[in-house]
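Data block below; observations after.
In the working numbering, the protein residues as written are 16 to 229.
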């Protein structure tokens, strides 16, 4: 479905669900909405919630938040684009992309104070992805980001697969993961990357949402 503006009937959302997305009329408003959602700690097992399920449950992790952001952008006439960042010995991270003045920015759902929003000041996607390199680290402080995907336009998938799906949207993650990824660093450069220092690692321990106690 290649329509520029996604209508409610195109997405098969309820009036209330669509009204939420209509209110998110700028990337900044979308980002604030994602920050307000509780982090999805996947207590009952791994998930990949659709836009509808995120709006119902009021929680999300990175790719779930990215799909909500992309859908809101589409409602307002912007392409619903995702970019995957591939990591080594760590989790990948997915963001929603937008452009202003010919430059790229990113909307991101994450719980710690890293891998978050990016202002639209990056001339290329490589520049944008590279802005995450220094802070993209595992619990051992090793910098783990290695590559980034070309943009994936969610309009390539039927909305029932990622907007209103009441089951997990594994196909979205699998599709993005299978796309061509561009390397950010060489193997030699990767071996020379310095670990995050103790102060940085201490700051990364801050969390926006605490994991609920059993």
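Positions of the beta carbon are idealized from the N, C-alpha and C atoms, including for glycine.
Counting along the chain, residue 25 sits inside the alpha helix (DSSP H) bounded by residues 23–26. Using a 10 angstroms sphere on the CB of residue 174, the tally of other CB atoms reaches 16 or more, which defines it as buried. DSSP, reduced to helix, strand and coil, places residue 86 within a helical segment of the structure shown. In the DSSP secondary-structure assignment, residue 124 is not bridged to any residue. Distance between residue 45 and residue 223, taken at the CA atoms: about 17 Å. Between the stretch 83–100 and the stretch 17–26 there are three or more C-beta pairs closer than 8 Å, enough to call the two in contact.
DSSP, read as helix, strand or coil, puts residue 63 in coil. Secondary structure at residue 51: helix, using DSSP grouped into helix, strand and coil. Under DSSP, residue 152 forms a beta bridge with 158.
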